[in-house]
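Each number in the working numbering comes from the position in the sequence shown (counting from 1) with 33 added on.
Cβ coordinates follow ideal geometry from the N, Cα and C atoms, glycine included.
Given the structure is predicted, the values throughout are model-derived calculations rather than measurements.
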Amino acid sequence: MGREYRKTVENLRKLDMPDDWRLSWPDYLKMGLSEEDIPDLIHLATDMELLLQEEDEPEVWGPVHAWRALGQLKAQEAVEPLLNLFHVEESVDWIFSEIPMVISLIGPTVIPVLKKHVQRTYPVDRIIVSILECLFHIARDHPDKEKEIIDFYLSMLKSFETQTPYLNSFLIWFLIDLDARDAIPVMEQAFEAGIVDETIVGDWEEVQIDLGLLERRISPQRDYFWDRLNRLSVTENKQSTEERKKSLHRKAEKKKAKRKMAKSSRKKQKKKNGKR
């Protein structure tokens, strides 16, 4: 027999999601949820059976509603259980797209916890990058914490020689999106050492363009498509070559669009703050 939830939480298990569910977050506090519901919400948010369930029934959205509600309740006790979700298989992509935003809603008081988790040893860098993304969202949502987080990213990037190109690339990505000019010399050193995955963040010229150091490319742009394709192991990916091509093109376009949006957002923020 499954867990019996409080009525307010049980209602979330019956709540469907709109088509624009990634953009539209209900106000869960108006549904009567309170701090008393936090233990049940944590249990529902981390229900692996529901998270891995493929049936398109309202109850499969229960964990998503639960962690969003935990964010709106600023439930600090939920941080550790939510971070543990990064250890599940990568196919549950909504974990990696939503948990960083949820953690940011909980607030900047969780920064020490996130830093502690980053400094642990994990079997894959993807987990570290996901935690770093939590810090990124806090920096974007809480400008007074931006410098602290930039300094943390920069301190990590200075160890680029002992880190993987994958991790270095995402550190550079976050620093670019936060317009961290103080990090430029270290970024350049990482590129010169060849310890950056250019299929993720682009080459040094592209980074300079993103930071406004160059207006346009000096050399022809490299096509990273086959580099990405070659990294896919036959045993790990059973898709046909054509399907893989389409998948990679979609990812590349999505990444490009995200970078353009971030760049536009930085420009608007500069105008708003009166920066030059």
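Cβ-Cβ separation, residue j to residue i (assumed contact under 8 Å), whole Å
i, j, result
"proline 141", "lysine 180", "Actually they do not touch by this definition, with Cβ atoms about 12 Å apart."
"leucine 138", "glycine 104", "3 Å"
"leucine 147", "cysteine 167", "5 Å"
"histidine 170", "methionine 134", "6 Å"
"isoleucine 128", "valine 112", "The Cβ separation is near 14 Å, so there is no contact."
C-beta contact flag for residue i and residue j at 8 Å
i, j, result
"leucine 3", "histidine 150", "In the structure displayed, the chain extends from 34 to 309; residue 3 sits before or after that span and is not available."
"leucine 45", "isoleucine 71", "no"
"phenylalanine 389", "leucine 165", "There is no way to answer for residue 389, as the model of the chain reaches only from 34 to 309."
"leucine 200", "isoleucine 160", "no"
"valine 97", "glutamine 86", "no"
"proline 114", "lysine 47", "no"
"threonine 197", "aspartate 158", "yes"
"leucine 187", "isoleucine 217", "no"
"glutamine 254", "leucine 247", "no"
"valine 121", "methionine 81", "yes"
"glutamine 239", "serine 252", "The question names glutamine, but residue 239 is glutamate in the sequence shown. Cβ distance not < 8 Å, so glutamate 239 and serine 252 don't count as in contact."
"leucine 84", "valine 125", "yes"
"phenylalanine 203", "isoleucine 228", "no"
"phenylalanine 185", "alanine 226", "no"
Burial state of residue i, where buried means 16 or more other Cβ atoms lie within 10 Å
i, result
"tryptophan 259", "Summary for tryptophan 259: the model assigns pLDDT 49, below 50, so the residue's position carries little reliability, and this model does not support an answer."
"glycine 235", "buried"
"glutamine 152", "exposed"
"glutamate 131", "buried"
"serine 57", "exposed"
"serine 67", "exposed"
"leucine 74", "buried"
"aspartate 210", "buried"
"aspartate 49", "exposed"
"aspartate 212", "buried"
"aspartate 230", "buried"
"arginine 264", "Model confidence at arginine 264 stands at a pLDDT of 48, short of 50, so the residue's coordinates are unreliable and nothing is read from them."
"arginine 214", "exposed"
"arginine 249", "exposed"
"arginine 173", "buried"
"arginine 309", "Bear in mind that a pLDDT of 37 at arginine 309, under 50, signals an unreliable position, so the number given afterwards is only what the model happens to contain. By the 10 Å Cβ count, arginine 309 comes out exposed."
"arginine 36", "exposed"
"leucine 62", "exposed"
Beta carbon proximity, residue i to chain B, threshold 8 Å
i, result
"proline 133", "Any reference to chain B falls outside this structure, which holds one protein chain only."
Check: residue i C-beta below 7 Å from any heavy atom of the ligand COA
i, result
"proline 218", "Among the components modelled here there is no ligand, and therefore nothing to report on the ligand COA."
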